[in-house]
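A.B. asks:
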Amino acid sequence: MDYEADIMTKTETIPDPMQPRRFRINNVTWETPETFTHELIPIDKGPTFTFEPGQFNMIYLYGVGEIPISISGDPENSSRLFHTTRVVGSVTQRLQHLKPGDTLGIRGPYGKGWPVDEATGKDILIIAGGIGLAPLRPVIYQLLSHREQYGHITLLYGTRSPDKILYYEQLKKWISRFDMLDVKVTVDHASGNWRGHVGVVTRLLSKAMFEPENTAAFVCGPEIMMRFVAMDLKKHKVPENQVYLSMERNFKCGLGFCGHCQLGSYFICKDGPVFTYDTIKSYLSLKEV
Amino acid sequence: MENLEKILLGHPFFKNIEGDYLNLIVGCASNVRFEQDEIIFREGQEADQFYIIREGTVALDLQDPGSGKITIDTLTDGEILGWSWLVPPYYWRFDARATKMTRAISLDGKCLRNKCENDHDLGYELLKRFALIIDQRLQATRLQLLDVYGLRS
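From first to last, the protein sequence lines stand for chains V and D. Each residue of the first sequence is one higher than the one before, starting from 41 at the first, in the numbering used here. Each residue of the second sequence is one higher than the one before, starting from 669 at the first, in the numbering used here.
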């Protein structure tokens with residue numbers, strides 16, 4: 041009886057990793073015409089939600105489905121959870137219509153994120169493409185709140201066109217903090233009154249200040265963009281094991297059980313999503329693994 | 669001239685170039701300045717120069733009757749503007765516009781073409797350097813054409 045009681049107690053207290061927690065939408069911000077950010081607050085009695093930059097959650101919309109979304113908020117603010125989502129599929133089509141007060145299920149955080157501790161003392165290059173800026177925003181928050189621990193910090197951000205720039209107001213604030221970090225933004229295509237850079241994000245690399253041997257590069261964006269960036273970083277003599285890429289695959293369980301996100305010998309949800317370039321470069325140009 | 673020589677020698681494009689070649693190139697160089705929104709050259713005009721941007725930003729534009737001005741590239745400090753002076757029939761393919769006050773070194777393409785014809789070693793040296801820039805721009809253009817940020821169907 042004592043044994044059974046003990047088991048019962050343990051069953052009640054150990055959270056099931058597949059069990060979503062309930063969160064309420066506190067605010068919705070449209071970042072671009074097809075990208076929005078949910079600000080969420082937990083409404084269950086679970087533990088404080090903490091995460092590391094680069095980790096992701098599984099978002100469950102009741103009766104519709106579950107999708108992986110990177111956490112895009114400040115890791116040092118555990119009272120609010122932020123997810124930036126682009127409308128691309130059936131779940132996100134429905135997510136976009138949720139309003140403040142609506143609830144969601146969330147499992148996570150999952151995965152290994154950006155190695156901000158290992159990057160201490162180094163120059164930091166943050167290179168983002170399109171919505172790839174979202175998983176990198178927590179890194180920027182963290183680096184800025186421990187600014188004295190790092191060398192030169194540069195954010196290079198490329199996106200398709202001026203109307204697709206993510207976190208526009210926040211980028212303007214970061215640009216104004218030029219003593220803290222150097223921000224350069226470029227777009228692939230521009231018309232009208234755009235006075236900023238036009239050209240791919242790799243073109244900005246030659247404008248960045250960094251000491252290659254002592255640099256950690258955090259890269260997130262479409263895989264082809266990351267390949268071009270990694271090759272250009274190599275040309276600039278940044279060691280391959282100091283170039284970190286965030287990979288995206290079809291995550292399902294988030295725990296490395298189901299195998300949906302397997303890449304060679306890795307499960308991206310568990311062993312990644314952040315990998316060093318030297319670890320995964322051989323997989324990047326393969327049609328199928 | 670001495671000042672121009674120093675500026676050119678300090679530019680990555682002319683890194684480790686032989687002194688004799690530099691002297692020949694300096695003879696075709698001059699300082700120029702463009703105000704914000706000033707047109708540096710227009711599509712279809714004769715391409716008789718190229719520019720080494722010292723400070724500022726230049727946009728390469730294409731005028732589209734349907735949608736107006738489309739900017740295809742921007743060039744900033746330390747970059748090279750223009751290689752149509754090297755390629756017959758020596759006409760600009762795009763408009764170039766200073767998007768802010770821009771200081772540059774202008775190199776007389778006609779003058780350089782003549783010097784290259786008379787000294788093929790100089791011509792080869794310059795072409796090698798331009799080939800690197802053309803390769804970088806070609807790779808960038810390929811990535812741009814892939815439209816990687818667009819939604820995949």
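Glycine is no exception: its CB is placed at the ideal position from the N, C-alpha and C atoms.
#1: Considering only the alpha carbon of each residue, which of Pro178(V), Ile215(V), Glu74(V) lies closest to Trp154(V)?
#2: In angstroms, rounded to a whole number, what distance separates the CA positions of Leu795(D) and Val700(D)?
#3: Comparing the CB of Phe762(D) with every heavy atom of the ligand NAP, is any distance shorter than 6 Å?
#4: Could you tell me whether the segment 86-94 of chain V touches the segment 125-138 of chain V, where touching means 3 or more Cβ pairs closer than 8 Å?
#5: So, is the C-beta of Asp203(V) closer than 7 Å to a C-beta in chain D?
#6: When you compare only the Cα positions, how much space is there between Leu813(D) and Glu714(D)?
#7: Excluding five sequence neighbours on each side, which residues of the same chain lie with their C-beta closer than 7 Å to the C-beta of Met41(V)?
#8: Given this structure, state the Cα-to-Cα distance separating Thr199(V) from His788(D), to the nearest angstrom.
#9: Quick one: list the residues of chain V neighbouring Asp839(D), beta-carbon separation under 7 Å, in chain order.
#10: Would you check if the distance between the CB atom of Tyr150(V) and the CB atom of Phe96(V) is smaller than 7 Å?
#11: With a threshold of 7 Å between beta-carbons, can Gln812(D) be considered close to chain V, or not?
#12: What did DSSP end up calling Met23(V) once you bin it into helix, strand or coil?
#13: What in chain V is Cβ-close to Ile738(D), meaning under 8 Å?
#14: What in chain D is Cβ-close to Met265(V), meaning under 9 Å?
#15: Taking only the alpha-carbon atoms, compute the straight-line gap between Pro115(V) and Leu183(V) and give it to the nearest angstrom.
#16: For Val128(V), which three-state DSSP category applies?
#17: Cβ closer than 7 Å: which chain D residues qualify as neighbours of Arg235(V)?
#18: Hey, how far is the Cα of Ser821(D) from the Cα of Trp760(D)?
#19: State buried or exposed for His123(V), treating a residue as buried only when at least 16 other CB atoms are found within 10 Å of its CB.
#20: Can you name the residues of chain D whose CB is closer than 7 Å to the CB of Pro262(V)?
#21: Measuring alpha carbon to alpha carbon, tell me which residue in Trp70(V), Cys293(V), Lys139(V) is nearest Tyr207(V).
#22: Report yes if the CB atom of Pro60(V) is closer than 7 Å to the CB atom of Tyr100(V), and no otherwise.
#23: So, at 7 Å on beta carbons, what are the nonlocal neighbours of Phe250(V) in its own chain, with the 5 sequence-adjacent residues on each side left out?
#24: Which residues of chain V have a Cβ atom closer than 7 Å to the Cβ of Ala808(D), listed in chain order?
#25: Per the DSSP calculation, Phe63(V) is bridged to which residue(s)?
#26: Comparing C-alpha positions only, which one of Tyr719(D), Glu686(D), Glu706(D), Asp705(D) sits nearest to Asp776(D)?
#27: Mind listing which residues of the segment 752-783 of chain D have their C-beta closer than 9 Å to chain V's C-betas, in chain order?
#28: Consult DSSP for Ser698(D) and reduce its assignment to one of helix, strand or coil.
#29: Looking only at its chain, what residues have a beta carbon closer than 8 Å to the beta carbon of Lys277(V), apart from the 5 residues adjacent to it on each side?
#30: Could you check the C-alpha separation between Gly296(V) and Glu106(V) for me, to the nearest Å?
#31: Quick check on Phe250(V): does DSSP put it in helix, strand or coil?
#32: Assuming Leu244(V) and Lys224(V) make a contact with CB atoms under 8 Å, what is their CB distance in whole Å?
#33: Mapping the DSSP letters down to three states, classify Phe268(V) as helix, strand or coil.
#34: Any C-beta of chain D sitting closer than 7 Å to the C-beta of Gly161(V)?
#35: Which whole-angstrom value describes the C-beta separation of Arg722(D) and Arg781(D), a residue pair presumed to lie in contact below a C-beta threshold of 8 Å?
#36: Let's see if you can read the secondary structure: which residues bound the beta strand (DSSP E) around Leu799(D)?
C.D. replies: A quick look at the data gives this:
#1: Walking along the first sequence from the start, residue 154(V) turns up at place 114. Among Pro178(V), Ile215(V), Glu74(V), the Cα nearest to that of Trp154(V) is on Pro178(V).
#2: By one-based count along the second sequence, residue 795(D) stands at place 127. By one-based count along the second sequence, residue 700(D) stands at place 32. Roughly 24 Å separates the two Cα atoms.
#3: Because no ligand of any kind appears in the structure shown, any question about the ligand NAP cannot be addressed here.
#4: no
#5: As a working mapping, residue 203(V) is identified with position 163 in the first sequence. Judged by the 7 Å Cβ criterion, Asp203(V) is not in contact with chain D.
#6: Here residue 813(D) corresponds to residue number 145 of the second sequence, with the count starting at 1. Here residue 714(D) corresponds to residue number 46 of the second sequence, with the count starting at 1. Going from the Cα of Leu813(D) to the Cα of Glu714(D) covers about 28 Å.
#7: Locating residue 41(V) in the first sequence gives position 1, counting from the first residue. Caution applies to Met41(V), whose pLDDT of 48 falls short of 50 and renders its modelled position unreliable; the model cannot decide the point.
#8: Taking the first residue of the first sequence as 1, we reach residue 199(V) at position 159. Taking the first residue of the second sequence as 1, we reach residue 788(D) at position 120. The alpha-carbon atoms of Thr199(V) and His788(D) are separated by roughly 43 Å.
#9: Lying outside 669 to 821, the shown extent of chain D, residue 839(D) is not represented and no answer is given.
#10: The residue labelled residue 150(V) in the question sits at position 110 within the first sequence. The residue labelled residue 96(V) in the question sits at position 56 within the first sequence. Yes.
#11: Here residue 812(D) is taken as the residue at index 144 of the second sequence, counted from 1. Closer than 7 Å: yes.
#12: Nothing can be reported for residue 23(V), as the shown portion of chain V is limited to 41 through 329.
#13: One-based indexing of the second sequence puts residue 738(D) at position 70. Ordered by position in chain V, the residues that pass the 8 Å Cβ test against Ile738(D) are His229, Ala230, Ser231.
#14: Locating residue 265(V) in the first sequence gives position 225, where the first residue counts as 1. Going along chain D in sequence order, the residues near Met265(V) (Cβ under 9 Å) are Leu811, Leu814, Val816, Tyr817.
#15: To locate residue 115(V), count along the first sequence from 1; it is residue 75. To locate residue 183(V), count along the first sequence from 1; it is residue 143. Rounded to the nearest angstrom, the two C-alpha atoms are 11 Å apart.
#16: Indexing the first sequence from 1 puts residue 128(V) at position 88. It is coil, neither helix nor strand.
#17: Your numbering for residue 235(V) matches position 195 in the first sequence. Near Arg235(V) (Cβ distances below 7 Å), the residues of chain D are Thr767.
#18: Reading the second sequence from its first residue, position 153 is the one you call residue 821(D). Reading the second sequence from its first residue, position 92 is the one you call residue 760(D). Bear in mind that a pLDDT of 41 at Ser821(D), under 50, signals an unreliable position, so the model cannot answer this.
#19: The residue labelled residue 123(V) in the question sits at position 83 within the first sequence. Result: buried.
#20: The count along the first sequence starts at 1 and reaches residue 262(V) at position 222. Under the 7 Å cutoff, chain D gives Val816, Tyr817.
#21: Numbered from its first residue, the first sequence carries residue 207(V) at position 167. The residue with the shortest Cα to Cα distance from Tyr207(V) is Trp70(V).
#22: As a working mapping, residue 60(V) is identified with position 20 in the first sequence. As a working mapping, residue 100(V) is identified with position 60 in the first sequence. Yes, the Cβ-Cβ distance between Pro60(V) and Tyr100(V) is below 7 Å.
#23: By 1-based counting over the first sequence, the position of residue 250(V) is 210. Cβ within range, chain order: Asp163, Leu165, His192, Thr194.
#24: Numbered from 1 along the second sequence, position 140 holds the residue referred to as residue 808(D). Result: Gly239, Val240, Thr242, Arg243.
#25: Here residue 63(V) refers to the residue found at position 23 when the first sequence is read from its first residue. DSSP, once it has assigned bridges, lists Pro82(V), Leu144(V) as partnering Phe63(V).
#26: The count along the second sequence starts at 1 and reaches residue 776(D) at position 108. When only C-alpha atoms are compared, the closest one is Tyr719(D).
#27: Thr767, Lys768
#28: Position 30 of the second sequence, counting from 1, holds the residue named residue 698(D). Three-state DSSP puts Ser698(D) in a strand.
#29: The count along the first sequence starts at 1 and reaches residue 277(V) at position 237. Cβ within range, chain order: Pro252, Glu253.
#30: To locate residue 296(V), count along the first sequence from 1; it is residue 256. To locate residue 106(V), count along the first sequence from 1; it is residue 66. So the two alpha carbons sit approximately 16 Å from each other.
#31: Position 210 of the first sequence, counted from the first residue, corresponds to residue 250(V). Three-state DSSP puts Phe250(V) in coil, outside helix and strand.
#32: Indexing the first sequence from 1 puts residue 244(V) at position 204. Indexing the first sequence from 1 puts residue 224(V) at position 184. Contact flag correct, Cβ pair sits at about 5 Å.
#33: Start at 1 with the first residue of the first sequence, and residue 268(V) comes out as number 228. Note: Phe268(V) maps to helix in three-state DSSP.
#34: Here residue 161(V) refers to the residue found at position 121 when the first sequence is read from its first residue. So no, Gly161(V) is outside the interface.
#35: For the purposes of this step, residue 722(D) is identified with residue 54 of the second sequence, where counting begins at 1. For the purposes of this step, residue 781(D) is identified with residue 113 of the second sequence, where counting begins at 1. Not a contact, Cβ separation roughly 23 Å.
#36: Residue 799(D) sits at position 131 when you count from the first residue of the second sequence. What sits at residue 799(D) in the sequence shown is Ala, not Leu. Here Ala799(D) belongs to no beta strand (DSSP E); instead the alpha helix (DSSP H) covers 788-814.
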